[in-house]
Amino acid sequence: ALSLFEEVCKKGFMTGKTVTIFFNKHDLLVEKLQDETKTTIDTYFPDFPVDGNARDPAQVCEFVYSKFLEVYDRCETKSNSVPHYHRTSALDTNQISMLMGDITHDLVKSALVYAGYI
Numbered sequence: 096a097l098s099l100f101e102e103v104c105k106k107g108f109m110t111g112k113t114v115t116i117f118f119n120k121h122d123l124l125v126e127k128l129q130d131e132t133k134t135t136i137d138t139y140f141p142d143f144p145v146d147g148n149a150r151d152p153a154q155v156c157e158f159v160y161s162k163f164l165e166v167y168d169r170c171e172t173k174s175n176s177v178p179h180y181h182r183t184s185a186l187d188t189n190q191i192s193m194l195m196g197d198i199t200h201d202l203v204k205s206a207l208v209y210a211g212y213i
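Numbering (the working numbering), first residue to last: 96 to 213.
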């Protein structure tokens, strides 16, 4: 996913756009992290913080999000915005409200920057 994100980013498709990264099936991630027989993220990413908990869904998502931000920052050096991320599951009915709030925030901020107020 990081490689694909980097390729799309390098092509300039995200320049000047609101970027939202979805961590789909978060409920399944939580289940797998609770299963002691499953491997954890530190197996695949040795740079996962040593003092972190590789079975904590919030810490795992924040770590993966930081990886996407590293790629974004390398590709979008002149961007005024930061990608948002959302953990989604079939059980969360508030997702669209949160997403629309983030998009509205970015649109207002972009308009203010364009108008010279920021």
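C-beta: ideal position from N, C-alpha, C; glycine also.
Run of the alpha helix (DSSP H) containing residue i, from where it starts to where it stops
i: Ile-198; result: 190-210
i: Lys-105; result: 97-105
i: Lys-127; result: 121-129
Segment limits, beta strand (DSSP E) that includes residue i
i: Arg-150; result: Here Arg-150 belongs to no beta strand (DSSP E), and DSSP marks it neither H nor E.
i: Phe-117; result: 115-118
Cβ-based burial, residue i [other Cβ within 10 Å; buried from 16]
i: Phe-163; result: buried
i: Asp-200; result: Looking at the sequence itself, residue 200 is His, so the reference to Asp does not match. When all chains shown are included, His-200 counts as exposed.
i: Val-145; result: exposed
i: Tyr-167; result: buried
i: Arg-169; result: exposed
Selected residue, minimal CA-CA separation from residue i, among the options
i: Cys-104; options: Val-159, Glu-171, His-181 and Thr-183; result: Glu-171
i: Ile-136; options: Ala-96, Val-159, Ile-191 and Ser-184; result: Val-159
i: Leu-128; options: Lys-106, Gln-154, Ala-206 and Ser-205; result: Gln-154
i: Ile-276; options: Thr-183, Ile-213 and Asn-189; result: The shown model of the chain, from 96 to 213, leaves out residue 276, and the question about it has no answer.
i: Glu-126; options: Arg-150, Ser-161, Tyr-139 and Ser-205; result: Arg-150
i: Lys-140; options: His-181, Lys-204, Val-203 and Ser-161; result: In the sequence as presented, Lys is not what sits at residue 140; that position holds Phe. Cα-wise, what sits closest to Phe-140 is Ser-161.
The segment 166-185 / the segment 107-116 touching (three or more Cβ pairs under 8 Å): Output reads yes: the segment 107-116 touches the segment 166-185.
contact_flag[the segment 189-200, the segment 123-136] where n(CB pairs < 8 Å) is 3 or more: No: fewer than three Cβ pairs fall under 8 Å.
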